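The structure under discussion appears below in the form of C-alpha cells.
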Amino acid sequence: MLHGFKHALAGFAGSVALAGTVILPLSASLGGFAASARTSQETASLRVELTGFADQTGDVSVALYGDAQSWLGEGAVASASVPVDGASVTVVFDGLAPGQYAAIAYHDVNANGELDTGAMRIPSEPIGYSAGARGRFGPARFDAAAVTLAAGEDRVEYIRLSGAMVQ
Numbered sequence: 013m014l015h016g017f018k019h020a021l022a023g024f025a026g027s028v029a030l031a032g033t034v035i036l037p038l039s040a041s042l043g044g045f046a047a048s049a050r051t052s053q054e055t056a057s058l059r060v061e062l063t064g065f066a067d068q069t070g071d072v073s074v075a076l077y078g079d080a081q082s083w084l085g086e087g088a089v090a091s092a093s094v095p096v097d098g099a100s101v102t103v104v105f106d107g108l109a110p111g112q113y114a115a116i117a118y119h120d121v122n123a124n125g126e127l128d129t130g131a132m133r134i135p136s137e138p139i140g141y142s143a144g145a146r147g148r149f150g151p152a153r154f155d156a157a158a159v160t161l162a163a164g165e166d167r168v169e170y171i172r173l174s175g176a177m178v179q
C-alpha cells in the first residue's frame, strides 16, 4: 500500500530549501497546459505546514496526489523530502491546476529514504495526512484527505505527524 509512496518520494529532484521551506514549481504538463504558461490567477498553491516531530533528526517527506486512482501509488503530482531542522517544516507546492489534492507525509527519522514499518506493515515512523484524515486499519482514503484548490488560491494545510508504532 505505502510501497508506491516510497518510490514517489524517491524521484523528487530540484527543490530549493530555505530555512525549512521547500518551494516546488511544477514543470510537468497539467491539464494539457504547461504550468509555466499559466498565470498565478489560473493556478493554485498549497503550503503544507508539518508539526509533530519528536526530535529534529532525519527528513520529512511529503507526496501530493491529484486523484483517488493514484493515491499512495506511483502517480504523485509532486513530492518533496527535506531535513527536519526545527519544530515545524513548511513545504510549498506552486503552480497546481485547480482541483482536488490529498497529501501524505512521514517523518523519516533515520533518513533512510523509506517509511519504515513494523509488524503487519504498520508504520514505525510518524505519519500524517491532509485535511486531518486518519486511517482506520490502514491508510486514510483519498476522499478523506482531499482538499479543493480554486484558481488563484494560496492555501495552507496543516499536517500533524503522529501514530508511529513503538518498537
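For the sequence shown, the positions run 13 to 179 when the numbering used here is used.
A virtual CB, placed ideally from N, CA and C, is assigned to each residue, including glycine.
These numbers come from a predicted model, not from an experiment.
Residues in the same chain with beta-carbon distance under 7 Å from residue i, minus the five sequence neighbours each way, listed in chain order, please.
i           : result
residue 198 : In the structure as shown, the chain begins at 13 and stops at 179. Residue 198 is therefore absent and cannot be evaluated.
residue 70  : 96, 119, 120, 121, 122 and 123
residue 53  : 163 and 164
Relative to the C-alpha of residue i, which candidate in the options has its C-alpha closest?
i           : options               : result
residue 67  : 138, 153, 107 and 154 : 138
residue 74  : 92, 52 and 99         : 92
residue 114 : 52, 165 and 82        : 82
residue 72  : 102, 116, 120 and 167 : 120
residue 143 : 158, 53 and 125       : 158
residue 202 : 123, 87, 125 and 100  : Nothing in the structure corresponds to residue 202, since the chain is present only between 13 and 179.
residue 123 : 147, 94 and 98        : 94
Can you give me the start and stop residues for the alpha helix (DSSP H) that residue i sits inside?
i           : result
residue 157 : 154-157
Let's see if you can read the secondary structure: which residues bound the beta strand (DSSP E) around residue i?
i           : result
residue 102 : 101-108
residue 139 : 139-141
residue 96  : Run containing residue 96: none; DSSP gives neither H nor E here.
residue 82  : Careful: residue 82 lies outside any beta strand (DSSP E) and carries neither H nor E.
residue 133 : Looking at the DSSP string, residue 133 is not in any beta strand (DSSP E), and its letter there is neither H nor E.
residue 58  : 56-63
residue 74  : 71-77
residue 123 : Residue 123 -> no beta strand (DSSP E), and no H or E assigned at all.
residue 165 : Note, residue 165: premise wrong, no beta strand (DSSP E); not H, not E.
If you draw a straight line from the C-alpha of residue i to the C-alpha of residue j, how long is it?
i           : j           : result
residue 107 : residue 57  : 6 Å
residue 85  : residue 116 : 11 Å
residue 151 : residue 145 : 9 Å
residue 149 : residue 132 : 11 Å
residue 38  : residue 87  : The pLDDT assigned to residue 38 is 34, lower than 50, so where the model puts this residue is not dependable; a value taken from the coordinates is nonetheless given after this. Approximately 14 Å, taken between the alpha carbons.
residue 96  : residue 125 : 13 Å
residue 98  : residue 51  : 33 Å
residue 147 : residue 164 : 31 Å
Going along the chain, which residues of its own chain have a beta-carbon closer than 6 Å to the beta-carbon of residue i, five neighbours each way excluded?
i           : result
residue 160 : 112
residue 105 : 36, 58, 76 and 90
residue 154 : 80, 83 and 114
residue 162 : 110
residue 156 : 145
Residue i CB to nearest chain C CB: under 7 Å?
i          : result
residue 82 : The question asks about chain C, but that chain is absent: this structure has only one protein chain.
Whose C-beta lies closer than 8 Å to the C-beta of residue i among residues of the same chain, with five residues either side of it excluded?
i           : result
residue 167 : 56, 57, 58, 59, 159 and 161
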